[in-house]
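Data first, discussion second: the structure below is written as structure tokens.
There are 2 protein chains.
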Amino acid sequence: MKHLSSLTIALLLATPAAAQRTAPPTPAAVDPQVAALRDAALKDDIAYDIVEGLTTEVGQRLAGTEAEARARDWAVRKLTALGFSNVRAEPYKMPVWVRGDETAEIVTPVPQKLTLVALGNSASTGPRGLTGELAVFPSYAEFANAPASAIRGKIVYIGNAMQPTQDGSSYGSSGPARFTGPALASQKGAAAIVIRSIGTDAHRLPHTGVTTFPTGVKPIPAAALSTPDAALVERLAKRGQPIRLRLLLTPKMIGERESGNVIAEVPGTDPAAGVVLVGGHLDSWDLGTGAIDDASGVAITAAAAKRIMDSGQRPRRTIRVVWFGAEEVGGIGGADYARRHGAERHATASESDFGADRIWRFETELPEAAKAVGARLASALAPLGIVAGSGRAGDGTDIAPTIATGVAGVDLNQSGLRYFDTHHTPDDVLERVDPEQLRQNVAAWTTMLAVVANAPEEIGPVTRP
Amino acid sequence: MKHLSSLTIALLLATPAAAQRTAPPTPAAVDPQVAALRDAALKDDIAYDIVEGLTTEVGQRLAGTEAEARARDWAVRKLTALGFSNVRAEPYKMPVWVRGDETAEIVTPVPQKLTLVALGNSASTGPRGLTGELAVFPSYAEFANAPASAIRGKIVYIGNAMQPTQDGSSYGSSGPARFTGPALASQKGAAAIVIRSIGTDAHRLPHTGVTTFPTGVKPIPAAALSTPDAALVERLAKRGQPIRLRLLLTPKMIGERESGNVIAEVPGTDPAAGVVLVGGHLDSWDLGTGAIDDASGVAITAAAAKRIMDSGQRPRRTIRVVWFGAEEVGGIGGADYARRHGAERHATASESDFGADRIWRFETELPEAAKAVGARLASALAPLGIVAGSGRAGDGTDIAPTIATGVAGVDLNQSGLRYFDTHHTPDDVLERVDPEQLRQNVAAWTTMLAVVANAPEEIGPVTRP
Chain A
6 MKHLSSLTIA
16 LLLATPAAAQ
26 RTAPPTPAAV
36 DPQVAALRDA
46 ALKDDIAYDI
56 VEGLTTEVGQ
66 RLAGTEAEAR
76 ARDWAVRKLT
86 ALGFSNVRAE
96 PYKMPVWVRG
106 DETAEIVTPV
116 PQKLTLVALG
126 NSASTGPRGL
136 TGELAVFPSY
146 AEFANAPASA
156 IRGKIVYIGN
166 AMQPTQDGSS
176 YGSSGPARFT
186 GPALASQKGA
196 AAIVIRSIGT
206 DAHRLPHTGV
216 TTFPTGVKPI
226 PAAALSTPDA
236 ALVERLAKRG
246 QPIRLRLLLT
256 PKMIGERESG
266 NVIAEVPGTD
276 PAAGVVLVGG
286 HLDSWDLGTG
296 AIDDASGVAI
306 TAAAAKRIMD
316 SGQRPRRTIR
326 VVWFGAEEVG
336 GIGGADYARR
346 HGAERHATAS
356 ESDFGADRIW
366 RFETELPEAA
376 KAVGARLASA
386 LAPLGIVAGS
396 GRAGDGTDIA
406 PTIATGVAGV
416 DLNQSGLRYF
426 DTHHTPDDVL
436 ERVDPEQLRQ
446 NVAAWTTMLA
456 VVANAPEEIG
466 PVTRP
Chain B
6 MKHLSSLTIA
16 LLLATPAAAQ
26 RTAPPTPAAV
36 DPQVAALRDA
46 ALKDDIAYDI
56 VEGLTTEVGQ
66 RLAGTEAEAR
76 ARDWAVRKLT
86 ALGFSNVRAE
96 PYKMPVWVRG
106 DETAEIVTPV
116 PQKLTLVALG
126 NSASTGPRGL
136 TGELAVFPSY
146 AEFANAPASA
156 IRGKIVYIGN
166 AMQPTQDGSS
176 YGSSGPARFT
186 GPALASQKGA
196 AAIVIRSIGT
206 DAHRLPHTGV
216 TTFPTGVKPI
226 PAAALSTPDA
236 ALVERLAKRG
246 QPIRLRLLLT
256 PKMIGERESG
266 NVIAEVPGTD
276 PAAGVVLVGG
286 HLDSWDLGTG
296 AIDDASGVAI
306 TAAAAKRIMD
316 SGQRPRRTIR
326 VVWFGAEEVG
336 GIGGADYARR
346 HGAERHATAS
356 ESDFGADRIW
366 RFETELPEAA
376 KAVGARLASA
386 LAPLGIVAGS
396 GRAGDGTDIA
406 PTIATGVAGV
416 DLNQSGLRYF
426 DTHHTPDDVL
436 ERVDPEQLRQ
446 NVAAWTTMLA
456 VVANAPEEIG
466 PVTRP
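In order, the protein sequences belong to chains A and B. If you count the first sequence from 1, position 297 lands on 302 in our numbering, and the numbers rise without skipping. If you count the second sequence from 1, position 417 lands on 422 in our numbering, and the numbers rise without skipping.
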């Protein structure tokens, strides 16, 4: 396919299979104002300034903690200074889990200290820790199909090597070891569980993330080993001797605390045309400073909105930028937003929560009457090297409750090839953000807002299967 | 120079500048047996097996601890099983420093937890830690030239970004912040010191390493921040507000303990021709499992010696493989070796202590009567992509005391371009070793041993300037 331009490829992918057997349709024309906004955004410095500021002047901002509260104050100041309208925080209450001490070591057959982190919602081992034999499962499938008799009273280990994928789909296939592994281990009578980090790197930096114990399932201590530590466990297991592990994890639930979303707007000229909702999440995990997850997302969407605001022409639709709170721990901010604002008319919803590497694809979920908006997006985004995907748009934890009300979606997909190298690790810091790729993101989002917020078509609700 | 073969380049570099203006000399012929040993070694599995075994079955092995003693036992068993002669440990006593707790956080202007590790020989802050204002110096030069009045009672910070270099020379230019910075900070009245890690990566994995407080200089708490944490400190410092740091480090000296070298030999046919000494160090820092520093070095040199041993022809000279103890904390094993064995006749000494990436250069320091050995090495190593350098050979902490007695040297230089990414960090684990590059190392060392141990020339002492 090397002889096809990316624009041609985009259009081929965007059209039904039958149409590909005939000549491709004539691409939609690109509005010169849209092209000018897009190209100017390739020199953007606003987004990097936001990421640098949030990671330096606030740092980690775990949901429901005083650090997240400081982040909200910072956000309100920043968005106000940038000139947005209707800037405010919308608070809500949520239960809060905080990390404690966390150490582990192999006791037999050979003393080896391991690097690990507790998963969100992990139970505590108590301050004296616990020691137990490892039940080693190379894969989630082997663990899930093992009888309780092989697990009862033991510390479960689940290997589960994750491969990088551009669309991030391997998170879905590798993630269950973290999402549901601990609850299933508890139900099978395990004393605790350590998993291979859900990550694609080979560094001694483990990946945290939330796990869920449904009502009625007793939480157990649950942690993730760095991938080299997991490989060490697997090499020792292959030698055939039993492995005993000492584990100390002292996280705790500290009760209900305040979290909140921060909202800012670029008011449109036609309130009846519906809101164009964009955003990312302000909270982060507590190990790094949340540069790619998700200072980048809040920065990209705010920078793009500001570029429209500063263009000299008010958009038709109101652009609403939401910096959601408490995403990492279960999408609490997104749910609160939908509860408060779900009855307002939204034209589209779009979320940036997959780092800051270049956007390679866009996808739309638009009503029939607005399909031409997608065609114009294809033409306008193609010069950024962005192709049209054929999936259904509306992806993202924070917009999911809004999308579920029937709102149209436009997704801009970052490359996930290195995202899971540092996702949820202490290494999610400013150094992970490539300023040039960040600018391409801002250009893509600026283009999207210029096309969608000004579209003359009605963008009504959609019906998803 | 792309049109020149690497062999031609090697010879050009190996000859004096004047000779380069004339035709290059005819390269030395390669003994077919040497070529066969070299090429077979490119399929070596012995070295990887040693690295895998030592990192998995022993793990970290800090000098003077029970872990290093376990490593010696493992080494004696392994070298005996491999078929070496005269395998034994040679113990000595040494003072031992061990790590304690280590945490740090910026208190003002904004709370930020920092990732750091104590430097070897660091003093303790005591269990309650200490809090102080940072005196931030972007470079060692600025720190060294600052008046004591700018430092007294403060916590010194020294930035000092290190660049990767193929020959590792940037360790010499960036290292003083660690080697002598803490002692100088103490002399200027600092309460403590934190330096930017001496490393070329951008991960949250700090680099430890030994520092030295000369007699009469009071040890102070001394630690290294990961490079992203150091960059964060520098970004905050640029904002102009004073930075206060809370520091907790509780390392301690635990007194005299036993360490030791492990020695194994391939006996030669001509005892009067002198020993060919090769080796690396068995001890490691305590954070990782010492895969590149220096399980690789002990593995490469032992694998090469075993390949000569198994070749069916005894070498002329005895090949002595020494796995030195206590290198990291000041070359104590190397000094003990020279004390015991310095009076024995050594033909050459060579050390592998720079990881396992490909060898790109060799250098020799040979007496005039043995210069032809160097020419034969050039021809035999060239097919491995190895060029002849013009520096003086005999590099390495462990062989330095032996080299100092006038022993000839042959150095095989690994590429240092990524060595300082993980040197002395928790990330020095098996995953850092590339099996293919490790095999090239074994081939180079096998070639060197085949040429040098069998050289018919007398290899007498050398006089270094």
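Every residue gets a Cβ at the ideal spot worked out from N, C-alpha and C, and that includes glycine. Since the structure is predicted, the reported quantities are computational estimates derived from the model, not experimental observations.
- In chain order, V222, K223 and I225 place their CB closer than 6 Å to the CB of S191 of chain A, counting only its own chain and leaving out the 5 sequence neighbours on each side.
- Cβ contact annotation for Q419 of chain B (same chain, cutoff 6 Å, sequence separation greater than five): F359, G360, D362 and I364, in chain order.
- Taking a Cβ-Cβ threshold of 9 Å, the residues of chain B close to V115 of chain A are T61, E62, V63, G64 and R75, in chain order.
- The C-beta of S395 of chain A has fewer than 16 other C-beta atoms within 10 Å across all chains shown, which makes the residue exposed.
- Taking C-alpha positions only, I203 of chain A is separated from A385 of chain A by approximately 36 Å.
- H346 of chain B has a beta carbon lying at 8 Å or more from every beta carbon in chain A.
- In the structure shown, the three-state DSSP call for N165 of chain B is coil.
- For D432 of chain A, the chain B residues whose C-beta falls within less than 7 Å of its own C-beta are H208 and R209, listed in chain order.
- With respect to chain B, the C-beta atom of E107 of chain A has no partner C-beta closer than 8 Å.
- If you ignore the 5 residues before and after S129 of chain B, its C-beta comes within less than 8 Å of the C-beta of G105, P226, L254, T255, P256 and K257, all in its own chain and listed in chain order.
- Given a length threshold of 4 residues, each whole run of the alpha helix (DSSP H) inside the segment 314 to 398 of chain A is given here in chain order: 337 to 346 and 376 to 386.
- Distance between A448 of chain B and A45 of chain A, taken at the CA atoms: about 55 Å.
- Between A41 of chain B and E333 of chain B, the beta carbon gap of about 37 Å keeps them out of contact (Cβ cut-off 8 Å).
- N126 of chain A and F218 of chain A do touch by the CB rule: their CB atoms are close to 6 Å apart, below 8 Å.
- Between G330 of chain B and P406 of chain B, the CB-CB gap reaches or exceeds 8 Å.
- Taking a Cβ-Cβ cut-off of 7 Å, L287 of chain A has no neighbours in chain B, whose nearest Cβ is about 16 Å from it.
- Within the same chain, Cβ atoms closer than 6 Å to the Cβ of D49 of chain A are found at A308, R444 and V447, the five residues on either side in sequence being excluded.
- Among the residues of chain A, those whose CB is under 9 Å from the CB of T120 of chain B are P431, following chain order.
- When secondary structure is reduced to three states using DSSP, W290 of chain A falls in the coil class, being assigned neither helix nor strand.
- The residues V92 and A269, in chain order, have a CB closer than 6 Å to that of L84 of chain A in the same chain once the five nearest residues on each side in sequence are set aside.
- Boundaries around A229 of chain A are those of the beta strand (DSSP E), A227 to L230, since no alpha helix (DSSP H) includes it.
- Against chain B, the beta carbon of L230 of chain A has no neighbour under 9 Å; the closest one sits roughly 12 Å away.
- One Cα belongs to R325 of chain B, the other to V283 of chain B, and the distance between them is close to 6 Å.
- Residue range S90 to V103 is occupied by the beta strand (DSSP E) that includes N91 of chain B.
- The C-alpha of K159 of chain B is placed about 9 Å away from the C-alpha of T136 of chain B.
- Rounded to the nearest angstrom, the Cβ distance from K98 of chain B to E263 of chain B is 6 Å, consistent with a contact under 8 Å.
- Apart from sequence neighbours up to five positions away, the residues of its chain that approach A76 of chain A with a beta-carbon distance below 6 Å are V63, R66 and L287, ordered along the chain.
- Under the Cβ criterion of 8 Å, E333 of chain A is not counted among the residues facing chain B.
- When rounded, the separation of the alpha-carbon atoms in V392 of chain B and T427 of chain B is 26 Å.
- A direct Cα-Cα distance of roughly 26 Å separates T402 of chain A from P276 of chain A.
- Counting along the chain, no alpha helix (DSSP H) covers R262 of chain B; the unbroken beta strand (DSSP E) around it starts and ends at K257 to V271.
- CA-CA distance, W290 of chain B to G214 of chain B, rounds to 8 Å.
- With contacts defined by Cβ atoms closer than 8 Å, A207 of chain B and E57 of chain A do not form a contacting pair.
- Per DSSP, the continuous beta strand (DSSP E) segment holding A197 of chain B begins and ends at A197 to R201.
- Counting along the chain, the unbroken alpha helix (DSSP H) around D44 of chain B starts and ends at P37 to A46.
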